[in-house]
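Those sequence lines, one after another, are chains A and B.
Counting from 1 along the first sequence, just add 571 to a position and that's the residue number in our numbering.
Counting from 1 along the second sequence, just add 571 to a position and that's the residue number in our numbering.
Idealized CB from N, CA, C, for every residue including glycine.
Here the structure is a predicted model, which means the values were calculated and not measured.
There are 2 protein chains.
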Amino acid sequence: MTKWFNETLYSGFRQSHEIKEVLFEGKSQYQKVTVFESARYGRILGLDGVVQCTEGDEFVYHEMLTHLPMLAHGKVRDVLIIGGGDGGILEEVLKHKSVRRATMVEIDDVVIDVSKKFLSSICGKAFSDKRTNLIVGDGAAWVRDTEESYDLIIVDRPDPVGPATVLFSAEFYKNCKRVMKPGAILVAQNGVPHMQGPELTDAVKLFQKIWKKSGSYLAVVPTYVCGFMSLTWASDQDITKVPAKTVATRFKRAGLKKLRYYNPDIATGAFALPNFVRQLIPGMKPY
Amino acid sequence: MTKWFNETLYSGFRQSHEIKEVLFEGKSQYQKVTVFESARYGRILGLDGVVQCTEGDEFVYHEMLTHLPMLAHGKVRDVLIIGGGDGGILEEVLKHKSVRRATMVEIDDVVIDVSKKFLSSICGKAFSDKRTNLIVGDGAAWVRDTEESYDLIIVDRPDPVGPATVLFSAEFYKNCKRVMKPGAILVAQNGVPHMQGPELTDAVKLFQKIWKKSGSYLAVVPTYVCGFMSLTWASDQDITKVPAKTVATRFKRAGLKKLRYYNPDIATGAFALPNFVRQLIPGMKPY
Chain A
572 MTKWFNETLY
582 SGFRQSHEIK
592 EVLFEGKSQY
602 QKVTVFESAR
612 YGRILGLDGV
622 VQCTEGDEFV
632 YHEMLTHLPM
642 LAHGKVRDVL
652 IIGGGDGGIL
662 EEVLKHKSVR
672 RATMVEIDDV
682 VIDVSKKFLS
692 SICGKAFSDK
702 RTNLIVGDGA
712 AWVRDTEESY
722 DLIIVDRPDP
732 VGPATVLFSA
742 EFYKNCKRVM
752 KPGAILVAQN
762 GVPHMQGPEL
772 TDAVKLFQKI
782 WKKSGSYLAV
792 VPTYVCGFMS
802 LTWASDQDIT
812 KVPAKTVATR
822 FKRAGLKKLR
832 YYNPDIATGA
842 FALPNFVRQL
852 IPGMKPY
Chain B
572 MTKWFNETLY
582 SGFRQSHEIK
592 EVLFEGKSQY
602 QKVTVFESAR
612 YGRILGLDGV
622 VQCTEGDEFV
632 YHEMLTHLPM
642 LAHGKVRDVL
652 IIGGGDGGIL
662 EEVLKHKSVR
672 RATMVEIDDV
682 VIDVSKKFLS
692 SICGKAFSDK
702 RTNLIVGDGA
712 AWVRDTEESY
722 DLIIVDRPDP
732 VGPATVLFSA
742 EFYKNCKRVM
752 KPGAILVAQN
762 GVPHMQGPEL
772 TDAVKLFQKI
782 WKKSGSYLAV
792 VPTYVCGFMS
802 LTWASDQDIT
812 KVPAKTVATR
822 FKRAGLKKLR
832 YYNPDIATGA
842 FALPNFVRQL
852 IPGMKPY
């Protein structure tokens, strides 16, 4: 009989993946961790019954949360990744030769361990890169206490339940701002607007109180089902104003090869928000 | 016990909607037709076990398949809709005052009947509009035989299985071209590239043989699960070259109110194709 991984994220709607083989199932200090071979999306990492990333479409989320802010900035040297235990963001960050140090603070070492063991197609050799500074610890505490500062902060957090809740608070954002260099950018994931609209509204509301400029851009991750995923950004510069030509030049110069989603067209197109998303952004109106 | 509508479109992956109430279940001459009240997406129309449209997100597909070509053209008077039995496209088309006649050729009168009865929030009063010319019949035969001609043809077809297969053939496209006025545009749906890539490739390959210009643009429909939906276009003019300002002016002039997805930003942004979609378009390369 076919075995299914039935995602439990939403009531009344679910996605299900056929399980070919369970590779890992266990409980960490923080969450239930599952890795299985699926029928359609390669290996899938599930946390507390929710799809976290899949070999089949991780490239969307990881490329869009990395290359878009990276090339909007243009001179990123020091990166902080909050969460991101699967190593997918880390791998994309390290593709940029300009990066001299990538600090990643992930709270759950079990996620890191299973990712290294079962999801090497996602993290590649990122964990053993000389520029990687891996911290197993609390990301919120890190931005509160560290004396380092960064050009780019990538908040690769799950939904605002469980251990990640603190990563959606005003205090966390303020501490992020504290460790950002001038011109630095923060990006974060903010759920699927069609299903989780308030998550986007709440985040931008806080961003607007803390940063000069902020907003949302969109990516489409097949297994974050039900439409667009909203990514959010905050900075003291307006990253939507970087000319398309500048991004295209930086893209060429960066020599990024074999990207499957991000390109200079998308770098601009991702800021085009449908009316129902515009309505979720404080201060923005539908056309 | 909770009852679920488990979509049977893909092997190894499925979406499921909780059924609150079955409103209609029957077999037409062509297909199994289901209408049910869902927990998250309002009423849903299913054909042969596949979600066809939902009250909760129909606006994406219907707006993008209508307003984008309509405003890229600028002077659409005569429209032909192939399929579209739920009336959603028809309703969007009739929002344009420039339209003097909308001919809709739908093969399955059961779909029309249940849509009028149960999905009036989708079709509105479109079926009783004076400009509507409703034909219950075979769309492929219509474009072969009619002496009318059109400024816009919208092919609102399901996947290339069952009664719709003929709507993916070279002969059908050639007959469409036969009934297109100079400068006219054809648009069609072409599946979810992440899951049904060859469907997009095959369509554009045929388009390129028949029309001077063609291509794809993207929309994101939550319940057409697994990422972007690819829409395709063909014409003797290059609709990607219509200046953004021109579209914005036409949009204002058209006086379209309460759109939930389409806007002038999206009109441009929808042509930004991720690399994995570019790879599916003959002659296009990833950056």
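Of SER801/A, GLY826/A, GLY754/A and ALA774/A, the smallest CA-CA separation from ASP809/A is found for GLY754/A.
For ASP700/A, there is no enclosing alpha helix (DSSP H), as DSSP gives it neither H nor E. Residue GLY627/B holds the alpha-carbon nearest to the alpha-carbon of ARG831/B among ASN846/B, GLY627/B and LEU580/B.
Around ASN846/B, the beta-carbon contacts reaching into chain A at under 7 Å are LEU830, ARG831, TYR832 and ASN834. TYR721/A sits away from VAL685/A, with the two beta carbons spaced by 8 Å or more.
Counting other Cβ atoms within 10 Å of its Cβ, LYS666/B reaches 16 or more and is therefore classed as buried.
DSSP places GLY597/A in the uninterrupted beta strand (DSSP E) bounded by 584 to 598. For the pair LYS748/B and LEU771/B, the Cα-to-Cα distance works out to about 19 Å. Taking a C-beta cut-off of 7 Å against chain A, none of the residues of the region 671 to 694 of chain B qualify. Taking a Cβ-Cβ threshold of 9 Å, none of the residues of chain B is close to CYS624/A; the smallest such distance is about 15 Å. Assignment of beta strand (DSSP E) within the region 630 to 709 of chain A, counting only whole runs of 3 or more residues, yields 649 to 654, 672 to 677 and 703 to 707 in chain order. Inclusion of ALA759/A and SER785/A in the CB contact set at 8 Å is not warranted, their separation being larger than that value.
Interface flag for GLN779/B against chain A is unset, since no Cβ pair is found closer than 8 Å.
TYR833/B sits in coil when the DSSP states are folded into three classes, being neither helix nor strand. Between the region 668 to 682 of chain A and the region 638 to 652 of chain A there are three or more inter-stretch CB-CB distances shorter than 8 Å, so the stretches are counted as touching.
Apart from the 5 residues on each side of it in sequence, ARG702/B sits with its Cβ closer than 7 Å to the Cβ of LEU665, VAL670, ARG671, ARG672 and ALA673 in its chain, given in chain order. Short of 6 Å from the beta carbon of VAL593/A, and not among the five residues preceding or following it, lie these beta carbons of its own chain, in chain order: PHE607.
Annotation for VAL818/A: the continuous alpha helix (DSSP H) segment containing it runs 815 to 825.
Per DSSP, the beta-bridge partners of ASN577/A are SER587/A. In this structure the region 780 to 798 of chain A lies against the region 622 to 642 of chain A, because at least three pairs of beta carbons, one per stretch, are closer than 8 Å.
Here ARG614/B carries a strand assignment [DSSP, helix/strand/coil].
Considering only beta carbons, the part of the region 578 to 606 of chain B lying closer than 8 Å to chain A consists of TYR581, SER582, GLY583, PHE584, ARG585, GLN586, SER587, HIS588 and GLU589, in chain order.
Cβ neighbours of GLY708/A within its own chain (closer than 6 Å, five residues either side excluded): VAL676. Residue contact with chain A for ILE837/B: present (Cβ-Cβ distance below 8 Å to some residue of chain A). DSSP lists no bridge partner for LYS752/B.
Counting along the chain, the unbroken alpha helix (DSSP H) around GLY768/B starts and ends at 764 to 781.
For VAL621/B, the uninterrupted beta strand (DSSP E) run begins and ends at 621 to 625, by DSSP. Rounded to the nearest whole angstrom, the C-alpha separation of GLU634/B and LEU827/B is 11 Å. Contacts with chain A (Cβ-Cβ distance below 9 Å) from the region 749 to 765 of chain B involve VAL763 and HIS765, listed in chain order.
Taking a beta-carbon distance threshold of 8 Å, PHE799/A counts as an interface residue toward chain B.
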